[in-house]
Every structure is written in C-alpha cells, then in structure tokens.
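Asks: Numbering (the UniProt record's numbering), first residue to last: 1 to 60.
The beta carbon of each residue, even a glycine, is placed where N, CA and C say it ideally should be.
Just so you know, these numbers come straight off a predicted model, no measurement behind them.
Could you have a look at this structure, given as structure tokens, before my questions?
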C-alpha cells in the first residue's frame, strides 16, 4: 500500500558486473512487515527461475 516503505514494494534491476563484464540481475520480492512471510514466495520464485533456465543442479 501507500504506507509501505520503498523496499517493501520489491524491485528488479539488471546491470553489468564490472569485474566479469556479464549481466547480473538483482531481484527483491515485495514483502510485508513480517519478513518471514515472504520466505516461501522467494523459494518458489527461485525454483521457477531455475526450472525455466534449465538449471536442474541449482548452480547458476
């Protein structure tokens, strides 16, 4: 809602790693004030991204 702190709304940012010259993606899930409530959502999002990227070992 409108009373949430900025980082409670989540964010997504893609940038270049200056050391490796490769793209990295930073993602912060929207979360309520009770931070542990977002844990299962983050686990599901991570598993889905691994699945759709073909990362069956969880190493990427």
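Among residues of its own chain, excluding the 5 on either side of residue 23, which ones have a beta-carbon nearer than 8 Å to its beta-carbon?
Replies: Counting only Cβ-Cβ distances below 8 Å, and skipping sequence neighbours, we find 14, 15, 16 and 17.
Asks: Relative to the alpha-carbon of residue 32, which residue among 47, 10, 49 and 50 has its alpha-carbon at the smallest distance?
Replies: Residue 32 has its Cα closest to that of 10, out of 47, 10, 49 and 50.
Asks: Could you check how far apart the C-beta atoms of residue 42 and residue 29 are, in whole angstroms? I think they sit under 8 Å.
Replies: Indeed, because the Cβ distance is near 5 Å, the residues count as touching under 8 Å.
Asks: Considering just the uninterrupted stretch of the beta strand (DSSP E) at residue 20, what are its terminal residues?
Replies: That residue, residue 20, is in no beta strand (DSSP E); it is neither H nor E in DSSP.
Asks: Considering only residues of the same chain and omitting the five flanking positions on each side of residue 25, which have a CB-CB separation below 8 Å?
Replies: Answer for residue 25: 12, 13 and 14, listed in chain order.
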